[in-house]
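Chemist: Here you go, one structure.
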Amino acid sequence: MDTGPVAKEGAIGPVAVQADRGKADPGRILLDGLRGADPGLVLVFGADGAELAGLDAVLRAGLPDGCLIAGCSSAGEIGPSGYASGSIVAIGFPAAHFRASALILPNLDALPVSDWMAALRRLQAGFGPDPQRSLFGLLLVDGLAGQEDVLVATIDAALPSVPTLGGSAGDGLSFKQTWLLAQGQVITNAAVFLLVETDLAVSEVTFAHFSPTATRVVVTAAIPEKRRILELNAEPAAEEYARLTGISPDALTPSEFARHPLLLRMGRHHHVRAISAQTADGGLSLMSAIDTGTVLTLGRAEDMTQGFAEALASLPRPPLMVLGFDCILRRLALEREGLHDQMSELLARYRVAGFNTYGEQHSGMHVNQTFVGLAFMPNTDAPAHAS
1 MDTGPVAKEG AIGPVAVQAD RGKADPGRIL LDGLRGADPG LVLVFGADGA
51 ELAGLDAVLR AGLPDGCLIA GCSSAGEIGP SGYASGSIVA IGFPAAHFRA
101 SALILPNLDA LPVSDWMAAL RRLQAGFGPD PQRSLFGLLL VDGLAGQEDV
151 LVATIDAALP SVPTLGGSAG DGLSFKQTWL LAQGQVITNA AVFLLVETDL
201 AVSEVTFAHF SPTATRVVVT AAIPEKRRIL ELNAEPAAEE YARLTGISPD
251 ALTPSEFARH PLLLRMGRHH HVRAISAQTA DGGLSLMSAI DTGTVLTLGR
301 AEDMTQGFAE ALASLPRPPL MVLGFDCILR RLALEREGLH DQMSELLARY
351 RVAGFNTYGE QHSGMHVNQT FVGLAFMPNT DAPAHAS
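Residue numbering for the sequence shown follows the numbering used here, starting at 1 and increasing by one per position.
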């Protein structure tokens, strides 16, 4: 597997390297690629459980003292050559241009919102205002805890001036267990929030390849705490969804759900409320919050590569790298349409690195089937802040 570029001394932008999980010592491969960047922050995507602990130990021993290491398991990786599976991607952020602090937000099931807000404000207090530098937040969260909506709203309320993006950790397509790494700990039922400051220009990139159709449905019965729809239009949810999409109930698979998402309108925008599975009782499990009485719209897929290429081409300057959080359901839809290689070429051309998620966070919202990223570019006279 191509490990990507080895960081040269004096690197300005982040550098992404990659190793096969089947290799005897993937940590050593990643370390060799990262050393030259002299990183102050390293993000690791693709490993889980004991693998994360082992990688943390290897990287911590071989990188400069004070280098912050964080990461999570994934549903797929984005490396130097585009989409990948069964690999580990590490991204090094040079200490000369990035400063970061990490905060573990524990006990997602208990929702200790007041404690989280106090800790977030204390973290921000350590970063004084600097007109020459951009400040942004990165969020990695247990993708199976089902608490992203509250968590993102909490962060937005505690740090309203800090643009925050992120992704929900994955577990391939198993949906059984996700893992996070921060401060030397491998954890679940938690989130990791990173506050990052840089003297590079930063620009947000978001893209969803759906538009609303004229077909609308009402959630007439739901279990909100389980993100489960029991009824649509007073009919069993999976049966009604199958009727509206023209798909046989027996053929409702993740790739079909990815092609025909449900959209929630908020203001002038529609956001995907992605379906992860059909339940045994004929309901639908979602990857975002849902409640009885919600009006949803059936989505229509648009061109997945052209629109994405246009979003990247519209950046103010060619990026040094784009840190990307890309929903696994988007990737499944691309693969079904035979566009995997075309998208990988596009990701590689714009130096996108990151992972495939169980959900994405941006602008104070948890969404699905969306690409969310931060492009890092050489600075000019003044920093371009994330928006």
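Glycine is no exception: its CB is placed at the ideal position from the N, C-alpha and C atoms. These numbers were taken from a predicted model, which means no experiment stands behind them.
1) In the DSSP assignment, what residue or residues form a beta bridge with N326?
2) With DSSP run on the structure shown, which of helix, strand or coil describes S344?
3) Can you tell me whether DSSP reads P131 as helix, strand or coil?
4) Please determine if the segment 110 to 127 and the segment 30 to 49 are in contact, where contact requires at least 3 C-beta pairs separated by less than 8 Å.
5) Indicate whether the contact test is met: 3 or more Cβ pairs, each with one atom in the segment 72 to 82 and one in the segment 341 to 360, closer than 8 Å.
6) Within the continuous beta strand (DSSP E) that includes M266, where are the two ends?
7) Would you list, in sequence order, the uninterrupted alpha helix (DSSP H) runs of no fewer than 4 residues that lie entirely inside the segment 174 to 228?
8) Considering only C-alpha positions, which residue in the set H209, T198 and L140 is nearest to V192?
9) Start and end of the alpha helix (DSSP H) containing P254?
10) Could you tell me whether the Cβ atoms of F127 and T198 are closer together than 9 Å?
11) Locate the alpha helix (DSSP H) running through V443, then write down its first and last residues.
12) Looking at C-alpha atoms only, which residue of E310, Q369 and T297 is the closest neighbour of S276?
13) Thinking C-alpha only, which one of P378, T380 and S363 is nearest V372?
14) Helix, strand or coil for G92, going by three-state DSSP, please let me know.
15) What does DSSP give as the partner residue(s) for V141 in the beta ladder?
16) Kindly indicate which three-state DSSP category D32 falls into: helix, strand or coil?
17) May I ask which residues mark the beginning and end of the beta strand (DSSP E) holding R99?
18) For the segment 169 to 184 against the segment 140 to 150, are there 3 or more C-beta pairs whose distance is under 8 Å?
19) Helix, strand or coil for E302? Go by DSSP, reduced to three states.
20) Determine whether the beta carbon atoms of L286 and L244 lie at a separation below 9 Å.
21) Can you give me the Cβ contacts of G54 inside the same chain, cut-off strictly under 7 Å, excluding the 5 residues immediately before and after it?
22) Use the C-beta contact count for P129: other C-beta atoms within 10 angstroms, 16 or more gives buried, fewer gives exposed.
23) Quick one: grab the DSSP three-state call for S428.
24) State the start and end residues of the unbroken alpha helix (DSSP H) segment that holds S114.
25) Nearest CA to the CA of T292: which residue from E231, A90 and A50?
26) In the DSSP assignment, find the unbroken alpha helix (DSSP H) run with D56 in it and report its ends.
27) On the three-state DSSP scale, how would you describe G27?
28) Apart from the five residues on each side of it in sequence, which residues of its chain come closer than 6 Å, Cβ to Cβ, to G13?
29) Could you check what DSSP says for L230 in three-state terms: helix, strand or coil?
30) So is R331 buried or exposed if we call it buried at 16+ other beta carbons inside 10 Å?
31) When we look at the beta-carbon of L173 and count the other beta-carbons within 10 Å, is it buried (16 or more) or exposed?
32) Using 10 angstroms around the beta-carbon of R99, count the other beta-carbons present and answer buried if the total reaches 16, otherwise exposed.
33) Are the Cβ atoms of A353 and V89 separated by less than 9 Å?
34) Mapping the DSSP letters down to three states, classify T297 as helix, strand or coil.
35) Bridge partners of C72, per DSSP?
36) Would a C-beta distance cut-off of 9 Å place L312 and Y358 closer than the cut-off?
Modeler: On the basis of the supplied data:
1) Working through the sequence shown from its first residue, we reach residue 326 at position 326. Strictly speaking, residue 326 in this sequence is Asp, with Asn absent from that position. N356 and F371, per the DSSP bridge assignment.
2) For this step, residue 344 is matched to residue 344 along the sequence shown. Of the three classes helix, strand and coil, the one that applies to S344 here is helix, per DSSP.
3) Looking up residue 131 in the sequence shown gives position 131. Correct three-state label for P131: coil.
4) No, because fewer than three Cβ pairs between the segment 110 to 127 and the segment 30 to 49 fall closer than 8 Å, the two stretches do not touch.
5) When Cβ pairs closer than 8 Å are counted between the two stretches, the segment 72 to 82 is seen to touch the segment 341 to 360, the count reaching three or more.
6) Counting from 1 along the sequence shown, the entry for residue 266 is found at position 266. Bounds of the beta strand (DSSP E) holding M266 are L262 to M266.
7) For the segment 174 to 228, not a single whole alpha helix (DSSP H) run of length 4 or above is found.
8) The residue given as residue 192 occupies position 192 in the sequence shown. When H209, T198 and L140 are compared, the shortest CA-CA separation from V192 is found for L140.
9) On the sequence shown, position 254 is the one that residue 254 refers to. That run of the alpha helix (DSSP H) goes P254 to R259.
10) Here residue 127 refers to the residue found at position 127 when the sequence shown is read from its first residue. Here residue 198 refers to the residue found at position 198 when the sequence shown is read from its first residue. The answer is no: Cβ separation not under 9 Å.
11) Nothing about residue 443 can be reported from this structure: the residues present for the chain run from 1 to 387 only.
12) Reading the sequence shown from its first residue, position 276 is the one you call residue 276. Distance check between S276 and each of E310, Q369 and T297 places Q369 closest, using alpha-carbon atoms only.
13) Walking along the sequence shown from the start, residue 372 turns up at place 372. Check the Cα spacing between V372 and each of P378, T380 and S363: the tightest is with S363.
14) The residue given as residue 92 occupies position 92 in the sequence shown. Strand.
15) Taking the first residue of the sequence shown as 1, we reach residue 141 at position 141. According to DSSP, which records beta bridges pairwise, V141 is partnered with S168 and A191.
16) For the purposes of this step, residue 32 is taken as the residue at position 32 of the sequence shown. It is helical.
17) Position 99 of the sequence shown holds residue 99. Its beta strand (DSSP E) spans residues F98 to L105.
18) Enough Cβ pairs lie closer than 8 Å, so yes.
19) Within the sequence shown, the letter at position 302 stands for residue 302. Three-state result, E302: coil.
20) The residue labelled residue 286 in the question sits at position 286 within the sequence shown. The residue labelled residue 244 in the question sits at position 244 within the sequence shown. No Cβ-Cβ contact shorter than 9 Å links L286 with L244.
21) Walking along the sequence shown from the start, residue 54 turns up at place 54. Close CB contacts of G54 within its chain, under the 7 Å cut and outside five residues either way in sequence, are with G27 (chain order).
22) Locating residue 129 in the sequence shown gives position 129, where the first residue counts as 1. Residue environment: P129 is assigned as exposed (fewer than 16 neighbouring CB atoms within 10 Å of its CB, all protein chains considered).
23) Since the first residue shown for the chain is 1 and the last is 387, residue 428 is missing from the structure and cannot be characterised.
24) Numbered from its first residue, the sequence shown carries residue 114 at position 114. Residues V113 to A125.
25) Locating residue 292 in the sequence shown gives position 292, where the first residue counts as 1. Each of E231, A90 and A50 was checked against the Cα of T292, and the nearest Cα belongs to E231.
26) Numbered from 1 along the sequence shown, position 56 holds the residue referred to as residue 56. In the DSSP assignment, D56 falls within the alpha helix (DSSP H) that extends over G49 to G62.
27) If you number the sequence shown from 1, residue 27 lands on position 27. Helix.
28) Position 13 of the sequence shown holds residue 13. Result list for G13: L320, M321 and F376, in chain order.
29) On the sequence shown, residue 230 is found 230 positions in, with the first residue counted as 1. Residue state for L230 is assigned as strand, using DSSP reduced to three classes.
30) Position 331 of the sequence shown, counted from the first residue, corresponds to residue 331. With 16 or more other Cβ atoms within 10 Å, it is buried.
31) Taking the first residue of the sequence shown as position 1, residue 173 is located at position 173. L173 counts as exposed, since fewer than 16 other C-beta atoms from the protein chains shown sit within 10 angstroms of its C-beta.
32) Within the sequence shown, numbered from 1, the residue matching residue 99 stands at position 99. Label assigned to R99: buried.
33) The count along the sequence shown starts at 1 and reaches residue 353 at position 353. The count along the sequence shown starts at 1 and reaches residue 89 at position 89. Between A353 and V89, the CB-CB gap stays under 9 Å.
34) Residue 297 sits at position 297 when you count from the first residue of the sequence shown. Here T297 carries a strand assignment [DSSP, helix/strand/coil].
35) As a working mapping, residue 72 is identified with position 72 in the sequence shown. Answer is F45 and L180.
36) Taking the sequence shown and counting its residues from 1, the one referred to as residue 312 is at position 312. Taking the sequence shown and counting its residues from 1, the one referred to as residue 358 is at position 358. No, these two residues do not count as a Cβ contact at 9 Å.
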